[in-house]
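Top line first, the protein sequences correspond to chains X and P.
In this text, residue positions in the first sequence follow this note's numbering: the first is 22, and each later residue adds one.
In this text, residue positions in the second sequence follow this note's numbering: the first is 1217, and each later residue adds one.
Backbone N, C-alpha and C define an ideal beta-carbon position, used for all residues, glycine too.
One structure is given below, encoded as structure tokens.
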Amino acid sequence: MSKIFTTPSGFAGSTLVQGLRHLIRLAVLLGIIGTGLVAHYRVFVTKEKIKVIQSEENPSLARQSALAMHQYLSGPEAQRGVEQKHLSVIRGNTWSADIYGLSVTDPLAAAESVATSRKVTRSLLIGLALPVIATLLLGRFFCSWICPAGFLFDIADRLRSLLQRLGMPTRNVNLWRGNKYVLLIVGLVVGALVGVPVLGAFYPPAVLGREISALTAAFFSVLTDYPVVTGISLSGFFIIGIIVAETFVSRRLWCRFVCPGGGLYSLIGMGRLTRVRNDLQQCTSCTECVQVCPMGLNPMKSTSPGIECDQCMLCLNSCPPGSLSLQFGLPKLPKKTDA
Amino acid sequence: MLLRTVGVSIASFTGLGVFAGLLKRKAAPYPVLGEPEIIRPPGALESETEFLSQCIRCARCRDACPTGAIKLGGFGDPAQLGTPYVLPFESGCNLSLACTTTCPTDALQLLTLTKDVNMGLAVVDDRTCVSINGTGVCGACHTACPFKNLAITQGSHNAPTVHEDHCVGCGLCEEACIVEGIKAIRVFSGRDIT
């Protein structure tokens, strides 16, 4: 009763699936940019409306601005219901998003909020439901299928292999994998002591969302003549730093060794139902999968590559005898009888 | 292995502690007469420390705001990194309450009535207000006020008077105020900034 469903060999790891994976992550990245642009565009339209009202009436300056505010606030725009007006948009980023009214919150964000405020709110649980259920089923899939920072780090990975092909020396430093769990626990403890969430300030998906929306604000303030407080912080350089480090120092340095969010996803997805399995009778121990795995895991083990597997399915495609497959079933395997 | 874990723990504890200290730094907000205060969006938790601990800095309220009143703290801003705040002199809150419907952690609590909002209190500066100091007849703040004749009433020459029990601190009066530079009517939140 362990194996319920096995992917047809060659499908799950096919270029089609990989293309889909990259496409989804690109869509998420573009979605964050688009969300920021749409939000600021709506503000821009509002301000333009006020301007138009101001130019129509032309008494004193005081009457102008007062009339503008009054007409805008009591006009049809203000009388439309809150639900109708605000459900038709996507808000936020991968840290926490409101997609047409569906609330999705990163488990790390929720964990931090609970640790620092010592309060569990209803909204938080609603937002947690979808990510936690998906992670219980699919494991750490967020990292390879959704995370926009992971997409950028994959580009760094490509850059890295390009540099290697050109003969530039690149190092591959290995750190201790447990770092991410230590950082997760330490971050939560420090957050609880200080009362301010600290992990979210440098967790790449959160930083990326924040910086992109700040940059779109800056873009609009350049485009239009009204001033926008942009909220740009220096944490964007942190992402650039990680990309540089991943290109020259170590492959997927952040995701493999440091990322506290990835650590939390790994822990939640410990008993995941979908995992990569290796058929030991067909395996020729060629280590192709070990070389291709971006997480530096070993899928050749008969059980599964471990909790840190992010279900990118690259190993499935690389396997020459096709002994690796993606299986959906209960976590416990029956006793292996072969040698 | 134990030594390594302890070492990593101590190192990251120190690093994160310094980092948290940096996060907590506060710069002076825009130059005003009076104490520096940050105005949080509608429905924000009363206690500033509680608000800071519950807010996850996700920017959903900012994206929901139809008038762009909500700003997020960035480098050199008065508010902490990524936390929402309002600069009423630039853009007041039009009390759409969209931000309160979208907050994922209830740091901004759900509000359905605009009169329940408590962002602060508008205070008129008698020295600079055109209608009060006798240099003109204005009334912009009264016209902009969503609680006309309740929160702001007018005296002779349209001189405004703010009534504490009705003013929600939306800041539309501050935005509408015609006085250049530091506005004659300003919103104070009374939040404890530590």
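Mind reading off the beta-carbon distance from residue i to residue j? Whole number of angstroms is fine, and I expect it under 8 Å.
| i | j | result |
| --- | --- | --- |
| X:R198 | X:R277 | 7 Å |
| P:I1255 | P:Y1301 | 6 Å |
| X:G230 | X:L220 | So it is not a contact: roughly 14 Å between Cβ atoms. |
| X:S165 | X:Q303 | 25 Å between Cβ atoms; not a contact. |
| X:E329 | X:L318 | 6 Å |
| P:M1335 | P:S1405 | 6 Å |
| X:V311 | X:L347 | Between X:L347 and X:V311 the Cβ distance is about 17 Å, and since that is not below 8 Å, they are no contact. |
Quick check: is the beta carbon of residue i nearer than 8 Å to any beta carbon in chain P?
| i | result |
| --- | --- |
| X:E329 | no |
| X:W275 | no |
| X:F255 | Reading the sequence as shown, one finds Leu at residue 255 of chain X and not Phe. Taking Cβ atoms only, chain P reaches closer than 8 Å to X:L255, which makes this a yes. |
| X:R198 | no |
| X:G52 | no |
| X:P128 | no |
| X:A222 | yes |
| X:S234 | yes |
| X:P169 | no |
| X:V270 | no |
In whole angstroms, give me the CA-to-CA distance for residue i and residue j.
| i | j | result |
| --- | --- | --- |
| P:L1261 | X:L184 | 51 Å |
| P:I1394 | X:P169 | 45 Å |
| P:I1401 | P:T1230 | 45 Å |
| X:G148 | X:L37 | 31 Å |
| P:D1293 | P:L1324 | 20 Å |
| P:G1298 | P:C1277 | 11 Å |
| X:I120 | P:V1333 | 26 Å |
| X:Q39 | X:M334 | 8 Å |
| P:G1284 | X:L274 | 38 Å |
| X:N200 | X:G282 | 12 Å |
| X:L236 | X:V59 | 13 Å |
| X:A136 | X:P128 | 12 Å |
| X:A132 | X:S144 | 13 Å |
| P:G1290 | X:S254 | 5 Å |
| X:T305 | X:C280 | 33 Å |
| P:A1280 | X:A213 | 29 Å |
| X:M189 | X:R272 | 15 Å |
| X:L337 | X:S287 | 20 Å |
Using a Cβ-Cβ distance under 8 Å, would residue i count as near chain X?
| i | result |
| --- | --- |
| P:T1351 | no |
| P:I1272 | yes |
| P:F1291 | yes |
| P:K1399 | no |
| P:V1248 | Here P:V1248 scores only 45 on pLDDT, less than 50, and its place in the model should not be relied on; the value that follows carries that caveat. Judged by the 8 Å Cβ criterion, P:V1248 is not in contact with chain X. |
| P:P1282 | yes |
| P:K1331 | no |
| P:G1298 | yes |
| P:A1338 | no |
| P:T1344 | no |
Would residue i pass as a contact of residue j if the rule is Cβ separation under 8 Å?
| i | j | result |
| --- | --- | --- |
| P:L1311 | P:P1362 | yes |
| P:T1377 | P:G1371 | yes |
| X:I233 | X:G57 | yes |
| P:E1374 | P:C1354 | For clarity, residue 1374 of chain P is Asn in the given sequence; the question names Glu instead. Contact: yes. |
| P:Q1270 | X:S134 | yes |
| X:L157 | X:G290 | yes |
| X:I176 | X:I45 | no |
| P:L1337 | P:C1274 | no |
| X:V110 | X:A118 | no |
Provide the residue span of the alpha helix (DSSP H) that contains residue i, from first to last.
| i | result |
| --- | --- |
| X:T305 | Here X:T305 belongs to no alpha helix (DSSP H), and DSSP marks it neither H nor E. |
| X:S138 | 128-138 |
| X:L149 | 143-159 |
| P:T1359 | 1356-1360 |
| X:Y202 | 200-215 |
| P:A1280 | 1276-1280 |
| P:S1347 | 1346-1349 |
| X:R181 | 169-186 |
| X:V265 | 257-269 |
Along the chain, where does the beta strand (DSSP E) that runs through residue i open and close?
| i | result |
| --- | --- |
| X:N114 | 111-114 |
| P:L1313 | Per DSSP, P:L1313 belongs to no beta strand (DSSP E) and is neither H nor E. |
| X:P226 | X:P226 -> not in any beta strand (DSSP E); alpha helix (DSSP H) instead, spanning 225-244. |
| X:V313 | Counting along the chain, X:V313 falls outside any beta strand (DSSP E), though it belongs to the alpha helix (DSSP H) covering 309-313. |
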